[in-house]
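Enquirer: The structure follows.
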Amino acid sequence: MLTGWFLWFILIWVVLFIGLMAIGGFFMFRKFLKRMPKEDGKSAMDWEEHYVGETIHLWGDDSKALLTELVSPVPDLFRPVAKQKIAGKIGELALEEKASSISFDLIIRGYIIASPKRDHKFLRKKLTQMKIDTTPYEHLLD
């Protein structure tokens, strides 16, 4: 029978292992759900890729730099996913409005719309830090 410190090591390792597997499984399941096709046959991620692909020629260097700056508070691990989601929403808005280029206004509106409501406090902080007036976008931040 196991006794002493080795027993505690094994028990802690088992609990830690099960916890990490559960966390990883949760995030993999979320990714799986985003890849599931909707009624139209495309998933949410397919639509993001479609909108980015359709509007890639509208993005200028300054627009890309602004988007990169806006997603800088996101942790490195999740930054590409956040950037893709926000760029997809900006592309969707640009196609709806038949924009000739990705403007500052489109980027800010897409950034706000694509961000979850729980993150709007951090979003406001970042926009204030960048000296961007949020008053024209208050209806999106509520």
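So the mapping is simple: our numbering equals the position in the sequence shown, first residue as 1, plus 499.
Glycine included, C-beta positions come from ideal geometry on N, C-alpha and C.
1. Measure the beta-carbon distance from Ile601 to Ile631 and round it to whole angstroms, keeping in mind my assumption that it falls under 8 Å.
2. Assuming Ile585 contacts Gly559 under a Cβ cut-off of 8 Å, what Cβ separation, rounded to an integer in Å, is found between them?
3. Note down, in chain order, each residue of its chain lying with its Cβ closer than 8 Å to the Cβ of Phe621, except the 5 sequence neighbours on either side.
4. For the alpha helix (DSSP H) that Glu591 lies in, which residues bound it at each end?
5. Is Glu553 helix, strand or coil by DSSP?
6. Indicate whether Val570 and Lys588 have their beta-carbon atoms separated by less than 9 Å.
7. Excluding five sequence neighbours on each side, which residues of the same chain lie with their C-beta closer than 7 Å to the C-beta of Phe577?
Expert: Straight from the coordinates:
1. In this structure, Ile601 and Ile631 do not form a Cβ contact; the two beta carbons are roughly 16 Å apart against a cut-off of 8 Å.
2. With 8 Å as the limit, Ile585 and Gly559 do not qualify as a contact, their Cβ atoms being about 16 Å apart.
3. So the list reads Pro572, once near-sequence residues are dropped.
4. Residues 578-596.
5. Correct three-state label for Glu553: helix.
6. Val570 is not a Cβ neighbour of Lys588, given a cutoff of 9 Å.
7. Excluding positions up to five away in sequence, the list is empty.
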